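Colleague: Once you've had a glance at the structure underneath, I'll fire off some questions.
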Amino acid sequence: MNLVIPEEFFLTSQGAPFPDIDLALDEPNGLIAIGDDLSSKRLINAYQQGIFPWYGENEPVLWYSPNPRMVITPEALHISKSLDKVLHSKQFEVKINNDFDSVIYHCKSIKRKDQDSTWIDENMVRAYTELHTQSVVKSVEVYQDLKLVGGLYGVSMDKVFFGESMFSLVSNASKIAFVYLVQNMGYELIDCQVENAHLKSLGAYNIERNVFIKKLDKLLLK
Numbered sequence: 002m003n004l005v006i007p008e009e010f011f012l013t014s015q016g017a018p019f020p021d022i023d024l025a026l027d028e029p030n031g032l033i034a035i036g037d038d039l040s041s042k043r044l045i046n047a048y049q050q051g052i053f054p055w056y057g058e059n060e061p062v063l064w065y066s067p068n069p070r071m072v073i074t075p076e077a078l079h080i081s082k083s084l085d086k087v088l089h090s091k092q093f094e095v096k097i098n099n100d101f102d103s104v105i106y107h108c109k110s111i112k113r114k115d116q117d118s119t120w121i122d123e124n125m126v127r128a129y130t131e132l133h134t135q136s137v138v139k140s141v142e143v144y145q146d147l148k149l150v151g152g153l154y155g156v157s158m159d160k161v162f163f164g165e166s167m168f169s170l171v172s173n174a175s176k177i178a179f180v181y182l183v184q185n186m187g188y189e190l191i192d193c194q195v196e197n198a199h200l201k202s203l204g205a206y207n208i209e210r211n212v213f214i215k216k217l218d219k220l221l222l223k
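If you read the sequence shown in my numbering, its first letter stands for residue 2, the second for the next number, and so on.
Take a look at the structure:
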């Protein structure tokens, strides 16, 4: 495929504005900009517009706003009978922002089905760690017998949580973290970025990008 990238997609200077979201490509789905760095200011500005970085090894920073967008709300959360049994078993303990460094390390290093490598490089680790020190990025940790066995992290802005990554070392651990996030942390909207079966089974669903952006405009205090 010969991909033609519009000239305005290239962020040739620090702080250059993102192109209008409506210009995002259909293939690859949602590509809206290329370049610049992962500074806290750039990342915060991106998430406020419904944009997030996603790129592979040896690639420049690529910015996306896919259509449709997978999201979940507390009202849409679906808990199966088997998961409900696990939730009430008290075999897991959930903590917030207790060990962010370990969470992002596991998200970076864990082997995933059908993926040879991670999209979380050292630049991303540094960038999201810096946002964590600013209380913009939060983590949810799941412990079993005092050992970290699962968790997730993402960007927290007002009533919206932009999920970035999750991991699980034992069965159901990441689901426990996700359910806790949705039920107990006060968010009205959780962004799951793109469709995946794991989150769909928990009630996540797709909405059109323009609907997602309207929801952000309503929920974020810019």
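The C-beta atom is built at its ideal place from N, Cα and C for all residues, glycine as well. Treat the numbers as computed from the prediction; the structure is a model and nothing was measured.
Rounded C-beta distance between F93 and Y144? I'm assuming under 8 angstroms.
Modeller: 7 angstroms
Colleague: What does the alpha-carbon distance come out to for the pair D85 and D159?
Modeller: When rounded, the separation of the alpha-carbon atoms in D85 and D159 is 28 angstroms.
Colleague: Counting pairs of Cβ atoms below 8 angstroms between the stretch 36 to 46 and the stretch 5 to 15, do you hit three or more?
Modeller: yes
Colleague: In angstroms, rounded to a whole number, what distance separates the CA positions of I22 and R210?
Modeller: 9 angstroms
Colleague: Measure the alpha-carbon distance for V150 versus N99 and round it to whole angstroms.
Modeller: About 13 angstroms.
Colleague: Which residue comes first and which comes last in the alpha helix (DSSP H) that contains V143?
Modeller: Here V143 belongs to no alpha helix (DSSP H); instead the beta strand (DSSP E) covers 138 to 145.
Colleague: Terminal residues of the continuous alpha helix (DSSP H) containing S110?
Modeller: 101 to 110
Colleague: If you run the structure through DSSP and keep just helix, strand and coil, what is P54?
Modeller: strand
Colleague: Among the candidates L147, E123, S66, N59, whose CA atom is the shortest distance from the CA of E28?
Modeller: S66
Colleague: Count the other CB atoms, across all protein chains shown, that sit within 10 Å of the CB of L132; report buried if there are 16 or more and exposed otherwise.
Modeller: buried
Colleague: When DSSP labels each residue in this structure, what does V95 get in the three-state scheme?
Modeller: strand
Colleague: Once DSSP output is grouped into helix, strand and coil, what is the label at Y129?
Modeller: Helix, per DSSP.
Colleague: Can you give, in chain order, each stretch of the alpha helix (DSSP H) that sits fully within the stretch 171 to 222 and has at least 4 residues?
Modeller: 174 to 185, 198 to 201, 210 to 220
Colleague: Using only CA atoms, which one of P75, S166, K215 lies nearest to K112?
Modeller: S166
Colleague: What are the residues that DSSP puts in a beta bridge with A34?
Modeller: W64
Colleague: In whole angstroms, give me the CA-to-CA distance for Y56 and L32.
Modeller: Roughly 10 angstroms separates the two Cα atoms.
Colleague: How long is the line joining the alpha carbons of K109 and E123, rounded to whole angstroms?
Modeller: If I take the Cα positions, the gap works out to 9 angstroms.
Colleague: Please go through the same chain and pick out, in chain order, the residues whose beta-carbon is closer than 8 angstroms to the beta-carbon of Q50, but skip the five residues on each side of it.
Modeller: Excluding residues up to 5 positions away in sequence, F19, I22, S66, I214, L217 lie with their Cβ nearer than 8 angstroms to the Cβ of Q50 in the same chain.
Colleague: With DSSP run on the structure shown, which of helix, strand or coil describes D117?
Modeller: With a pLDDT of 47 at D117, under the threshold of 50, the modelled position of that residue is not reliable, and the figure given next carries that caveat. D117 falls in the coil class under three-state DSSP.
Colleague: Whose C-beta lies closer than 8 angstroms to the C-beta of Q116 among residues of the same chain, with five residues either side of it excluded?
Modeller: Reliability fails at Q116, whose pLDDT of 48 lies under 50, so the model's placement of it is uncertain and no value is given.
Colleague: Taking 7 angstroms as the cut-off, decide whether the C-beta atoms of V141 and I97 are in contact.
Modeller: In this structure, I97 lies closer than 7 angstroms to V141 by Cβ.
Colleague: Which whole-angstrom value is the C-beta distance of R43 and N207, which I expect to be below 8 angstroms?
Modeller: With a Cβ gap of about 27 angstroms, R43 and N207 do not count as contacting.
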